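Q: Have a look at this one before I ask anything.
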DNA sequence: CCATGCAGTTAACAACTGTTCTCTGTAATT
DNA sequence: AATTACAGAGAACAGTTGTTAACTGCATGG
């Protein structure tokens, strides 16, 4: 039960991570379905056959990338939607968090936006599953709000889905604006905030 | 000024269309960035070199597909959003139109959803441009509504963008449900309707 | 301390890719 | 009727791809 990985396993995970990183880099201007196994190993500097020690195929690598890109995002989602303050404060906080995340992990965001409807079925399914988990978590957090009095579980999930979809839209918009001017990014933030505010207003008047 | 194309030009456009159709079929389970020129010509039954008579590259073909998939959609958008009736009627009509369109042109819808954030820059740009035109048209139609009294041009465009994005989301959801049961499709229709209603409610209380 | 396991290497395979050049048949032009 | 333009065919190019097999070196467990 040694929790310190042996030299052997450590080296393995290191090259595995190198393969993931290289793939993420190469996916900046192509889709996963055109990513070649040799292309990845060449970028890392290992033999093509070494790839099979870590992944069955590039699709398999894609699924692993989904985990890496979305798996660590749950706590952030959680405390964004369940934060204190009124709606406008929460929206401002959420938009800022999204913008910051896109700046920090642009390749991850690009990968998810690109492969969500991409040409590799297992990867699409993995993303769909993770986003469904997000929606479920957002639903639970929303249920804690006093504004959710009288809302059915189904309606809450519908609203949560709307939020999740829009979060991704906003992330993609920020990504497009990443290579633009500061003004571009600020305009995206402004539009996104107003759109979320409109949804929020719709929420408050849902059963009014 | 003969408006009847000569035999020569007619034959050319016929093979051109065959290339486009074959490509659209092949793109059912891959992305444009992995679509090979030879793959397309093989599916049509012409020599690989014939491809160059019609397109510079597969990216160029992709741009042509964007025109085909979105270019003919403007009138439908127009009369959906500017139709008579109250909000709920308009929403029901819009959702039904989207569902019907996805059933009629599933490959087109899949292509747009896939390549909107795909790996081929010129195609992404072409889609972005068309969607921006949609948003502008929706904005103009919304401005005609009496509910838009007091709305700024900027806010109307923000709302129009929200509608367009959500229309695409809905189309993609319908597409996923296409191979599912009737019940799946009906559930997508139901959720989409409620989400659009929520946005509509947000609209009516925007400056309240 | 030795035997085993296994990450990574090397070499080779048939198949595939985009692109260039040359050629052919025929519709369109003069 | 003769000439031109041009869609498409055919062959060849160097380079790429995924996958298999047999190998090497070294960390690990007995």
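Chains as they are written, first to last, in full-length UniProt numbering: chain Z, 1 to 208; chain G, 1 to 208. We put the beta carbon where it would ideally sit given N, CA and C, even for glycine. Being a predicted model, the structure only gives us computed values, none of them experimental.
When the cut-off is 8 Å and only beta carbons count, does residue 203 of chain G lie next to chain Z?
A: Taking the second chain and counting its residues from 1, the one referred to as residue 203 of chain G is at position 203. For residue 203 of chain G, the answer is yes, since a Cβ of chain Z falls inside 8 Å of its Cβ.
Q: Identify the contact partners of residue 167 of chain Z in chain G, using a Cβ-Cβ distance below 7 Å as the criterion.
A: The residue labelled residue 167 of chain Z in the question sits at position 167 within the first chain. By Cβ distance, chain G contributes nothing, its closest Cβ being about 12 Å from residue 167 of chain Z, past 7 Å.
Q: Beta-carbon within less than 7 Å of residue 83 of chain Z's beta-carbon, same chain only, minus the 5 sequence neighbours each way: which residues are those?
A: Locating residue 83 of chain Z in the first chain gives position 83, where the first residue counts as 1. If we look at residue 83 of chain Z and ignore the five residues flanking it on each side, its Cβ neighbours are 90 and 93.
Q: So, under 8 Å CB-CB, residue 33 of chain Z and residue 119 of chain Z are touching, yes? Tell me the CB distance rounded to an integer number of Å.
A: Here the question's residue 33 of chain Z lines up with position 33 in the first chain. Here the question's residue 119 of chain Z lines up with position 119 in the first chain. About 4 Å; that satisfies the 8 Å criterion.
Q: If I measure Cβ to Cβ from residue 156 of chain G and keep anything under 7 Å in the same chain, skipping five residues before and after, which residues do I get?
A: Locating residue 156 of chain G in the second chain gives position 156, where the first residue counts as 1. Within the same chain, residue 156 of chain G has close Cβ partners 139, 142, 143 and 148.
Q: Quick check: the Cα distance between residue 73 of chain G and residue 124 of chain G, rounded to an integer number of angstroms?
A: By 1-based counting over the second chain, the position of residue 73 of chain G is 73. By 1-based counting over the second chain, the position of residue 124 of chain G is 124. Cα to Cα, the separation comes out at about 18 Å.
Q: Going by alpha carbons, who is nearest to residue 50 of chain Z out of Z/60, Z/59 and Z/38?
A: As a position in the first chain, residue 50 of chain Z is number 50, starting the count at 1. For the residues Z/60, Z/59 and Z/38, the minimum Cα distance to residue 50 of chain Z belongs to Z/38.
Q: Spell out whether any CB of chain Z is found under 8 Å from the CB atom of residue 194 of chain G.
A: Translated into the one-based positions of the second chain, residue 194 of chain G becomes position 194. By this cut-off, residue 194 of chain G is an interface position.
Q: Could you spell out where the alpha helix (DSSP H) holding residue 101 of chain G opens and where it closes?
A: By 1-based counting over the second chain, the position of residue 101 of chain G is 101. Start and end: 87–104.
Q: Under 8 Å, with one C-beta from each stretch per pair, do the segment 103–114 of chain Z and the segment 170–180 of chain Z reach the 3-pair mark?
A: Because the criterion of three Cβ pairs below 8 Å is met, the segment 103–114 of chain Z and the segment 170–180 of chain Z touch.
Q: In this structure, how does DSSP classify residue 1 of chain G when only helix, strand and coil are distinguished?
A: The residue given as residue 1 of chain G occupies position 1 in the second chain. At residue 1 of chain G the pLDDT is 41, less than 50, meaning the model places this residue with poor confidence and gives no usable figure here.
Q: Please specify which runs of the alpha helix (DSSP H), each continuous and at least 4 residues long, are wholly inside the segment 8–42 of chain G, giving them in chain order.
A: Counting whole runs of 4 or more residues, the segment 8–42 of chain G contains no alpha helix (DSSP H) stretch at all.
Q: Check whether chain Z comes within 8 Å of residue 180 of chain G, counting only Cβ atoms and requiring the distance to be less than that.
A: What you label residue 180 of chain G is simply residue 180 of the second chain in a count that begins at 1. Cβ-Cβ to chain Z under 8 Å: no for residue 180 of chain G.
Q: Taking a Cβ distance cut-off of 7 Å, strictly less, list which residues of the segment 24–39 of chain G are near chain Z, in chain order.
A: Within the segment 24–39 of chain G, the residues whose Cβ lies closer than 7 Å to some Cβ of chain Z are 29, 30, 31, 33 and 34, listed in chain order.
Q: Taking contact to mean at least 3 C-beta pairs separated by less than 8 Å, is the segment 20–31 of chain G in contact with the segment 62–71 of chain G?
A: Segments in contact, yes.
Q: Could you tell me whether any Cβ in chain Z is nearer than 8 Å to the Cβ of residue 85 of chain G?
A: Mapped onto the second chain, residue 85 of chain G falls at position 85. No, residue 85 of chain G lies away from the interface with chain Z (no Cβ there is under 8 Å from its Cβ).
Q: Check each candidate in G/48, G/158 and G/136 and name the one with the smallest Cα separation from residue 188 of chain Z.
A: Here residue 188 of chain Z refers to the residue found at position 188 when the first chain is read from its first residue. Closest by alpha carbon: G/158.
Q: Report yes if the CB atom of residue 98 of chain G is closer than 8 Å to the CB atom of residue 160 of chain G, and no otherwise.
A: The sequence position of residue 98 of chain G within the second chain is 98, counting from 1. The sequence position of residue 160 of chain G within the second chain is 160, counting from 1. No.
Q: Locate the alpha helix (DSSP H) running through residue 163 of chain Z, then write down its first and last residues.
A: Locating residue 163 of chain Z in the first chain gives position 163, where the first residue counts as 1. Run containing residue 163 of chain Z: 153–176, per the alpha helix (DSSP H) assignment.
Q: Does residue 1 of chain Z have its Cβ less than 8 Å from a Cβ in chain G?
A: For the purposes of this step, residue 1 of chain Z is identified with residue 1 of the first chain, where counting begins at 1. For residue 1 of chain Z, the predicted model reports a pLDDT of 44, less than 50, meaning its position is unreliable; a value from the coordinates is still stated below. No, no contact with chain G.
Q: Using C-beta distances below 7 Å, list every residue in its chain close to residue 2 of chain Z, excluding the 5 sequence neighbours before and after it, in chain order.
A: Position 2 of the first chain holds residue 2 of chain Z. Because the pLDDT at residue 2 of chain Z is just 42, under 50, the model does not fix this residue reliably, and the point stays unresolved.
Q: DSSP three-state call for residue 57 of chain G: helix, strand or coil?
A: Taking the first residue of the second chain as 1, we reach residue 57 of chain G at position 57. Reduced to three states, the DSSP call for residue 57 of chain G is coil.
Q: I'd like to know if residue 210 of chain Z contacts chain G, where contact means its C-beta is closer than 8 Å to some C-beta of that chain.
A: With chain Z represented from 1 up to 208, any question about residue 210 of chain Z goes unanswered, as that position is not in the structure.
Q: Under a three-way DSSP split, which group does residue 46 of chain G fall into?
A: For this step, residue 46 of chain G is matched to residue 46 along the second chain. Coil at residue 46 of chain G, not helix or strand.
Q: According to DSSP, simplified to helix, strand and coil, what is residue 66 of chain Z?
A: Indexing the first chain from 1 puts residue 66 of chain Z at position 66. In this structure, residue 66 of chain Z counts as helix in the three-state DSSP scheme.
Q: Given a cut-off of 8 Å on the beta-carbon distance, is the pair residue 66 of chain G and residue 127 of chain G in contact?
A: Within the second chain, numbered from 1, the residue matching residue 66 of chain G stands at position 66. Within the second chain, numbered from 1, the residue matching residue 127 of chain G stands at position 127. A contact, by the Cβ cut-off of 8 Å.
Q: Nearest by alpha-carbon distance to residue 165 of chain Z: which of Z/181, Z/77 and Z/103 is it?
A: Numbered from 1 along the first chain, position 165 holds the residue referred to as residue 165 of chain Z. The residue with the shortest Cα to Cα distance from residue 165 of chain Z is Z/77.
Q: How would you call residue 69 of chain G, buried or exposed, if buried means at least 16 neighbouring beta carbons within 10 angstroms?
A: Residue mapping note: residue 69 of chain G aligns to position 69 of the second chain, counting from 1. Counting Cβ neighbours within 10 Å, residue 69 of chain G comes out buried, since at least 16 surround it.
Q: Any idea what DSSP makes of residue 179 of chain G, helix, strand or coil?
A: Mapped onto the second chain, residue 179 of chain G falls at position 179. In this structure, residue 179 of chain G counts as coil in the three-state DSSP scheme.
Q: Count the other CB atoms, across all protein chains shown, that sit within 10 Å of the CB of residue 204 of chain G; report buried if there are 16 or more and exposed otherwise.
A: As a position in the second chain, residue 204 of chain G is number 204, starting the count at 1. With fewer than 16 Cβ atoms within 10 Å of its Cβ, residue 204 of chain G is classed as exposed.
Q: I want to verify the contact list: residues of chain G whose CB lies under 8 Å from the CB of residue 119 of chain Z, in sequence order.
A: Within the first chain, the letter at position 119 stands for residue 119 of chain Z. The contacting residues are 27, 29, 30, 31, 34 and 114.
Q: Verify the contact flag: residue 190 of chain G, CB atom, against every heavy atom of the ligand COA, threshold strictly below 7 Å.
A: Questions concerning the ligand COA fall outside what the structure shown contains, since it holds no ligand whatsoever.
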